[in-house]
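The block underneath contains the structure these notes are about, expressed in structure tokens.
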Amino acid sequence: MGVSNVTVAQLEVARSITPIVSVQNEYNLRNQTSEGVLAACERLGIAFLPWYPLGGKRGLRQRR
Numbered sequence: 220m221g222v223s224n225v226t227v228a229q230l231e232v233a234r235s236i237t238p239i240v241s242v243q244n245e246y247n248l249r250n251q252t253s254e255g256v257l258a259a260c261e262r263l264g265i266a267f268l269p270w271y272p273l274g275g276k277r278g279l280r281q282r283r
């Protein structure tokens, strides 16, 4: 099962209910609030799928 837009605490609750194989959270150069979730996924062997990885056109323009 996969989950989306979760915190580390929510991921732990989900894992207590069913095996979790993937997490999809927003993660990009401008928004790295999922760092803790990413670290937990790495530690637990869960795939982390970032959505909006480039931060949209606005995010790209600001990085130039």
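Numbering of the sequence shown is given in my numbering, commencing with residue 220 and proceeding in unit increments.
For glycine and all other residues, C-beta sits at the position ideal for the given N, C-alpha and C.
DSSP, read as helix, strand or coil, puts GLN251 in coil. Nearest Cα to GLY264 within the set ILE239, GLU254, PRO272 and TYR271: ILE239. Taking C-beta atoms as the reference points, LEU273 and ASN247 count as a pair closer than 8 angstroms. Membership of VAL242 in the beta strand (DSSP E) is indicated by the continuous run 241-245.
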